[in-house]
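A.B. asks: For the sequence shown, the residue numbers in this note's numbering are -2 to 253.
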Amino acid sequence: MQIFGVDIGGSGIKGAPVDLDRGDLAEARHKVLTPHPATPDGVADGVRQVVDHFGWTGPVGLTFPGVVTGGSTVRTAANVDRSWIDTDARALFSERLGGLPVTVVNDADAAGVAEVAFGAGRDRRGTVILLTFGTGIGSAVFVDGTLVPNTELGHLELNGHDAEKRASSKVKDDHDLSWQEWAARVQRYLAHVEMLFSPELFIIGGGVSRKAHKFLHYIEGIKAEIVPAELQNNAGIVGAAMHAAQDRENRESARA
């Protein structure tokens, strides 16, 4: 079965049809730049460009870089325009996509769901935490495979700042940090998260996951196992599609 997934990030909007039997993209993804400012209308136009690129006419799952409640309402907007707060994202995207059925989920939660089902978190028990390093830091927390939604651990305080202002991959690029310098910041962040949650496993996601060999060996003193995301930067797309498939199944069950 194929469902379309879209991953909305602070720098790019990317999507593709997803083969849910394999947990992988069915076609090469298409990406457009996230508009700045990243207003609801601007982002919705970008999503439409991605979906129209494939001529898709079925259900669409979308991630959003912030807290999403009830599968629809945006509650935070740290790395997009603040006009998103309290927006009915499901209604906005469905209208912009010509009435297609739409579901919306936190971006890191989507990536985590995909990794637990098909990737580095598969069959892992206990507390598993996926952290996506990109424009900000997203988080997905699982206990025995069950998601604790909208955790937003990127906003934990670290050295007097939001952690994502110290340790995101954007910070690495903005300050021209070496991999070793940046890994030292990530290590301090992981130590703080580990002190609070004592996970068995950290999964490192986001675009940097494909470059894990450049920095993971610098991270020391963390008791939890640390591994890169197996689905890498496609995890959000896959997780969004999984969420849309589950939402469709729920609607069909309710009508039966």
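Glycine included, every Cβ here is placed at the ideal spot set by N, Cα and C.
Since the model is a prediction, treat every value here as computed from it, not as a measurement.
Evaluate Val113 with the Cβ neighbour count: other Cβ atoms within 10 Å of its Cβ, from every protein chain shown; 16 or more gives buried, anything less gives exposed.
C.D. replies: buried
A.B. asks: Are the beta-carbon atoms belonging to Gly6 and Leu128 less than 8 Å from one another?
C.D. replies: Gly6 places its beta carbon 8 Å or farther from that of Leu128.
A.B. asks: Check each candidate in Thr31, Glu246, Ala137 and name the one with the smallest Cα separation from Glu111.
C.D. replies: Reading off the sequence shown, one finds Ala at residue 111, where the question assumed Glu. Cα-wise, what sits closest to Ala111 is Ala137.
A.B. asks: For the beta strand (DSSP E) containing Ser250, name the first residue and the last one.
C.D. replies: First-last for Ser250: 232 to 252, but that is the alpha helix (DSSP H), not the beta strand (DSSP E).
A.B. asks: I need the DSSP call for Val190, collapsed to helix, strand or coil.
C.D. replies: helix
A.B. asks: Would you list, in sequence order, the uninterrupted beta strand (DSSP E) runs of no fewer than 3 residues that lie entirely inside the stretch 120 to 161?
C.D. replies: 124 to 130, 134 to 140, 143 to 145
A.B. asks: Would the stretch 237 to 245 and the stretch 47 to 66 be scored as touching if the rule is three or more Cβ pairs under 8 Å?
C.D. replies: yes
A.B. asks: With 16 as the cutoff for other CB atoms within 10 Å, does Asp18 come out buried or exposed?
C.D. replies: Counting the other CB atoms within 10 Å of its CB gives Asp18 a total below 16, which places it among the exposed residues.
A.B. asks: So the candidates are Arg45, Asp120, Arg121, Gly131; which of them puts its Cα closest to the Cα of Ala75?
C.D. replies: Gly131
A.B. asks: Given this structure, state the Cα-to-Cα distance separating Arg185 from Asp159, to the nearest angstrom.
C.D. replies: 13 Å
A.B. asks: Just list the residues that DSSP pairs Gly2 with in beta bridges.
C.D. replies: For Gly2, which the question treats as bridged, DSSP gives the partners Ala13, Gly58.
A.B. asks: Whose CA, out of Ser165, Val140, Asp141, lies closest to the CA of Gly151?
C.D. replies: Ser165
A.B. asks: Under 8 Å, with one C-beta from each stretch per pair, do the stretch 67 to 74 and the stretch 85 to 102 reach the 3-pair mark?
C.D. replies: At 8 Å Cβ cutoff, the stretches touch.
A.B. asks: On a CA-only basis, which of Asp83, Gly116, Leu89 is nearest Asn256? Give me that one, please.
C.D. replies: In the structure as shown, the chain begins at -2 and stops at 253. Residue 256 is therefore absent and cannot be evaluated.
A.B. asks: Along the chain, where does the beta strand (DSSP E) that runs through Lys28 open and close?
C.D. replies: First-last of the beta strand (DSSP E) with Lys28: 27 to 30.
A.B. asks: Which class does Leu89 belong to by DSSP, given the choice of helix, strand or coil?
C.D. replies: helix
A.B. asks: I'd like to confirm the pairing. Which residues does DSSP put opposite Glu112 in its beta bridges?
C.D. replies: In DSSP, Glu112 forms no bridge with anything.
A.B. asks: Please list, in chain order, all residues of the same chain as Arg87 whose beta carbon is under 6 Å from its beta carbon, the five residues on each side excluded.
C.D. replies: So the qualifying residues of the chain are Ser69, Val99, Val101.
A.B. asks: What number of angstroms, rounded off, separates the C-alpha of Lys170 from the C-alpha of Glu249?
C.D. replies: Residue 170 is actually Asp in this sequence, not Lys. Taking the straight line from one Cα to the other gives about 46 Å.
A.B. asks: Rank Arg207, Gly20, Thr148 by C-alpha distance to the C-alpha of Pro62 and give the top, closest one.
C.D. replies: Thr148
A.B. asks: Can you tell which of Leu97, Trp81, Gly2 has its C-alpha closest to the C-alpha of Thr54?
C.D. replies: For Thr54, the nearest C-alpha among the options comes from Leu97.
A.B. asks: Does the Cβ-Cβ distance between Ile0 and Ala238 come in under 8 Å?
C.D. replies: yes
A.B. asks: Look up Gly204 in the DSSP assignment and say whether it is helix, strand or coil.
C.D. replies: helix
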